[in-house]
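Peer 1: Its first residue numbered 0, the sequence shown is counted upward by one per residue in numbering that gives the first Met the number 0. Submitted below is the structure of interest, expressed as structure tokens.
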Amino acid sequence: MQEWLCGLTAALAGITVGLAVKLFLMKKSLREIRQGLEERLNQETNTLLDTASRDRDLLALQEALNDQLRKLREQRQRYQQGDQQLKQSLTQITHDLRTPLTAICGYLQLAEAEPASPRLKQILAILSERAQTLKRLSEQLFHYSVAVCDPPKAVRQLIDLRAALEKNLAAVVGFFEKQGLCPQVTMPDVPVWRTLDPKALDRILQNLLDNAVKYGGSELTVKLDAEGRMEWINSAGSLRPVDVEKLFDRYYTVNTGRQATGLGLTIAKGLAEQQGGTLQGELRGGHLILTLSFPPERGELG
């Protein structure tokens, strides 16, 4: 009897050890599958899931997941191809629009200079204003398609943010004077070096200046600190928090910006992010504050 109990105990112990080993191997295989799935979802790779386990159910799970990965990969490829075709079409369409619109605006200017009845001059003025609006929209669409949809290879170099800001502000001094706008500018006494694409940075600053002129009324404050953070502060007017949340949406404009296309800030935000920076907006004390920030990278001097 005692020998039988000992034998039973040994058998149960063996079964327990076997089950424990099998459970350990199954858990290890499940971890491998989970980690492999995370890697394949977050990386561009053609490899499928694999596990050392020979368990029938785990192999069935692995094959089911691989089947879904194949379908997901096919859908992603179709999306990427369609997205690329759409980007190319947008670039081509906007490019094709610019030439005839430029010609139309030119001929309208010539027509306005010719003798005409008051009624005809009024019609020509309306047509000219509409044509200029379309021209601005086509220009913004073109810059958007190039800068955001199909960005050129960036040529980055060490740039002083202070000098870049001074240059872009100086370029619009005459326009500021016509608008009765006298910006208050605060900058550090030392250069603020960042490695950026100079053309992209100029486009960002130009779009921010353009936005300030359109929406800022008669006040504008620009602040640059030594950490590479730039604040553009102007009167919020009738802006609401919901408007600020949509400022960077494509084609969104507020009522006061009658000549706006709604793409300027979208382009600026996209270019800033391509350069490793950020562009955000908020309402504070009746003012709209747009914050452009370029954190320093290794090797840059603050």
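Where is the CB? At the ideal position from N, CA and C, for every residue including glycine.
Run through the segment 133 to 194 for me and flag every whole beta strand (DSSP E) of 3 or more residues, listed as ranges in chain order.
Peer 2: Runs found: 156 to 159 and 183 to 185.
Peer 1: Short of 7 Å in beta carbon distance, which residues of its chain neighbour A316, apart from the five on each side in sequence? Order them along the chain.
Peer 2: No statement about residue 316 is possible, as the shown extent of the chain runs from 0 to 301 and does not include it.
Peer 1: On the criterion of 16 or more Cβ atoms from any shown chain inside 10 Å, does T8 qualify as buried, or is it exposed?
Peer 2: In the sequence shown, the residue the question calls residue 8 occupies position 9. Exposed: under 16 other Cβ atoms inside 10 Å.
Peer 1: So, at 7 Å on beta carbons, what are the nonlocal neighbours of R257 in its own chain, with the 5 sequence-adjacent residues on each side left out?
Peer 2: Looking up residue 257 in the sequence shown gives position 258. For R257, the predicted structure reports a pLDDT of 44, less than 50, and the residue's modelled location is therefore unreliable. The matter cannot be settled from this model.
Peer 1: If we call anything under 8 Å between Cβ atoms a contact, is M229 one with L291?
Peer 2: Translated into the one-based positions of the sequence shown, residue 229 becomes position 230. Translated into the one-based positions of the sequence shown, residue 291 becomes position 292. Against a cut-off of 8 Å, the Cβ pair of L291 and M229 comes out as a contact.
Peer 1: With DSSP as the reference, identify every bridge partner of T277, one or two as the case may be.
Peer 2: One-based indexing of the sequence shown puts residue 277 at position 278. DSSP lists S292 as partners of T277.
Peer 1: Near D196, what residues of its chain come up, given a Cβ to Cβ distance below 7 Å and the 5 sequence neighbours on each side ignored?
Peer 2: Taking the sequence shown and counting its residues from 1, the one referred to as residue 196 is at position 197. Contacts found: A153, V154, R155 and Q274.
Peer 1: With a Cβ-Cβ cutoff of 8 Å, do L107 and L133 count as a contact?
Peer 2: To locate residue 107, count along the sequence shown from 1; it is residue 108. To locate residue 133, count along the sequence shown from 1; it is residue 134. No, they are not a contact pair.
Peer 1: So the beta strand (DSSP E) T220 belongs to, where does it begin and stop?
Peer 2: Here residue 220 is taken as the residue at index 221 of the sequence shown, counted from 1. Counting along the chain, the beta strand (DSSP E) containing T220 begins and ends at T220 to L223.
Peer 1: Are the segment 276 to 291 and the segment 180 to 191 touching by the rule of at least three beta carbon pairs closer than 8 Å?
Peer 2: In short, these stretches do not touch, since the Cβ pair count stays below three.
Peer 1: Quick check on DSSP: helix, strand or coil for S88?
Peer 2: Here residue 88 refers to the residue found at position 89 of the sequence shown. Helix.
Peer 1: Alpha carbon to alpha carbon, what distance is there between L180 and E281?
Peer 2: As a first step, residue 281 must be located in the sequence shown, where it is residue number 282. As a first step, residue 180 must be located in the sequence shown, where it is residue number 181. Those two C-alpha atoms are separated by around 22 Å.
Peer 1: Can you list, in chain order, the residues of its chain whose CB lies under 6 Å from that of R283, leaving out five sequence neighbours each side?
Peer 2: As a working mapping, residue 283 is identified with position 284 in the sequence shown. No residues qualify anywhere along the chain.
Peer 1: Taking 8 Å as the cut-off, decide whether the C-beta atoms of F247 and L264 are in contact.
Peer 2: Residue mapping note: residue 247 aligns to position 248 of the sequence shown, counting from 1. Residue mapping note: residue 264 aligns to position 265 of the sequence shown, counting from 1. Result yes, Cβ atoms of F247 and L264 sit closer than 8 Å.
Peer 1: What first and last residue would you give for the beta strand (DSSP E) that runs through E113?
Peer 2: Taking the first residue of the sequence shown as 1, we reach residue 113 at position 114. No beta strand (DSSP E) contains E113, which DSSP labels as neither H nor E.
Peer 1: Please report the distance separating the alpha-carbon of R33 from that of Q42.
Peer 2: If you number the sequence shown from 1, residue 33 lands on position 34. If you number the sequence shown from 1, residue 42 lands on position 43. Approximately 14 Å, taken between the alpha carbons.
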